[in-house]
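Numbers 50 to 378, taken from the numbering used here, label the letters of the sequence shown in order.
Glycine residues also receive a C-beta, built at the ideal position from the N, C-alpha and C atoms.
Here the structure is a predicted model, which is why all the values come from computation and not from measurement.
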Amino acid sequence: MRELPASAGVPVVLAIHGGAGVERGDLDAAGLAEARAALETALRAGHAELQAGAPAMDAVKAAITVLEDAPMFNAGKGAVFTHDGRNELDAAVMDGASGQAGAIAGVSRVRNPILLADAVMTSSPHVMMVGEGAEAFAKTQDIALVDPAYFRTERRWQQLQRALDAERKAQPQASVLTGDARPYFGTVGAVALDVDGLLAAGTSTGGMTNKRYGRVGDAPIIGAGTWADARCAVSGTGWGEYYIRTAAAHEICARVRLRGDDIRVASDAVIDQLIPGAGGDGGAIALDADGRVAFPFNTPGMYRGWIGADGVPHVAVFREDTIALPDGR
Numbered sequence: 050m051r052e053l054p055a056s057a058g059v060p061v062v063l064a065i066h067g068g069a070g071v072e073r074g075d076l077d078a079a080g081l082a083e084a085r086a087a088l089e090t091a092l093r094a095g096h097a098e099l100q101a102g103a104p105a106m107d108a109v110k111a112a113i114t115v116l117e118d119a120p121m122f123n124a125g126k127g128a129v130f131t132h133d134g135r136n137e138l139d140a141a142v143m144d145g146a147s148g149q150a151g152a153i154a155g156v157s158r159v160r161n162p163i164l165l166a167d168a169v170m171t172s173s174p175h176v177m178m179v180g181e182g183a184e185a186f187a188k189t190q191d192i193a194l195v196d197p198a199y200f201r202t203e204r205r206w207q208q209l210q211r212a213l214d215a216e217r218k219a220q221p222q223a224s225v226l227t228g229d230a231r232p233y234f235g236t237v238g239a240v241a242l243d244v245d246g247l248l249a250a251g252t253s254t255g256g257m258t259n260k261r262y263g264r265v266g267d268a269p270i271i272g273a274g275t276w277a278d279a280r281c282a283v284s285g286t287g288w289g290e291y292y293i294r295t296a297a298a299h300e301i302c303a304r305v306r307l308r309g310d311d312i313r314v315a316s317d318a319v320i321d322q323l324i325p326g327a328g329g330d331g332g333a334i335a336l337d338a339d340g341r342v343a344f345p346f347n348t349p350g351m352y353r354g355w356i357g358a359d360g361v362p363h364v365a366v367f368r369e370d371t372i373a374l375p376d377g378r
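Okay, structure coming up:
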């Protein structure tokens, strides 16, 4: 139920990320400009929904759909390849007002996985569907399916080839992570606060380069990479195994809800202390019911941005980039 009237004067806010782990050497000037433009397009798409009075979830879906269609991010069109040369996509959404959630994992023909995750939430009695079953459900919901070749990009294919080559040259006991120091980075996500003061979160990813055995990371796991409640919404990006073990997204919001921590204090404690302390790294976006945004990350860069009621997008990529926050801090 939507509990607060639009006249309450709540400032609409949308924040997004396109994945942590980006470094200066990863992008030339043209690539950087393209990534920033995609972030701004996603922010404007979500903002249009909020300005029209749509619920936060509609803004989340609109923004993430843009990012899934942009080949520079590890989600949808730009998804990384598995060890077997496939693209396996995961996504999740959560509505903070109702506590409802939907997730999908291991799909290879769904053009926009975030839309299927939303359909699981709104049109089924379930929370998560996987693989062929999820794709069969997509057909019943008129969710667009594409040939798996749609997801192939040369950049991601070459990343896999380098990983496979390094793996062949490594010792038998070498980790599947060999060949790419950051194979687990790259996820897109959004969190939104609508005119009724209600929150939502969503996350979408292609997973980890060279992953095997149907591995699933944190993005589609409610409470690990995605969470929203009445006070807080979070989407994570990073080494998924550690986000799962720490229930990172839920942990941030639990600190806000149960201890009264400021959203930035809670986010920094989990992303910059708890996860690195366990051996992982990454980032997140977090938004509270007062419109305060946090962008914690412990890598050289994280694609990130936000937009408020004035419709002006604010985006940043690297750690040294300055980005004004909604309350000016």
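Boundaries of the beta strand (DSSP E) around residue 285: 281-287.
In the DSSP assignment, residue 253 falls within the beta strand (DSSP E) that extends over 248-254. Distance from the Cα of residue 128 is smallest, within the candidate group 299, 207, 297, 339, for 207.
Taking 8 angstroms as the upper bound for CB-CB distance, residue 252 and residue 268 are in contact here, some 4 angstroms apart. Put simply, of 324, 310, 318, 261 the residue whose alpha carbon is nearest the alpha carbon of residue 292 is 324. The C-beta of residue 361 has fewer than 16 other C-beta atoms within 10 Å across all chains shown, which makes the residue exposed. Separation of residue 86 and residue 209 (C-alpha to C-alpha, rounded to the nearest whole angstrom) is 26 angstroms. Residue 321 and residue 304 have their C-alpha atoms roughly 15 angstroms apart. Excluding the 5 residues flanking it on each side, residue 183 has same chain C-beta neighbours closer than 8 angstroms at 153, 154, 155, 156, 159, 165, 169, in chain order. Closest in alpha carbon position to residue 62, among 95, 273, 147, is 95.
Of the candidates 190, 283, 354, 371, the residue whose Cα lies closest to the Cα of residue 364 is 354.
From the listed residues 72, 103, 71, the smallest Cα separation to residue 245 is found for 103.
The C-beta separation of residue 328 from residue 345 comes to about 17 angstroms, leaving the pair out of contact by the 8 angstroms criterion. By the Cβ neighbour-count rule, residue 192 is buried, with 16 or more other Cβ atoms within 10 Å of its own.
When DSSP reads this structure, residue 242 sits in a beta bridge with 62, 248.
If you look at residue 170, you'll find it in the alpha helix (DSSP H) that goes 162-172. In the three-state reduction of the DSSP assignment, residue 318 falls in the helix class, which pools H, G and I.
The three-state secondary structure of residue 367, taken from DSSP, is strand. Taking all protein chains in view, the Cβ of residue 113 is crowded by 16 or more other Cβ atoms within 10 Å, so the residue is classified as buried.
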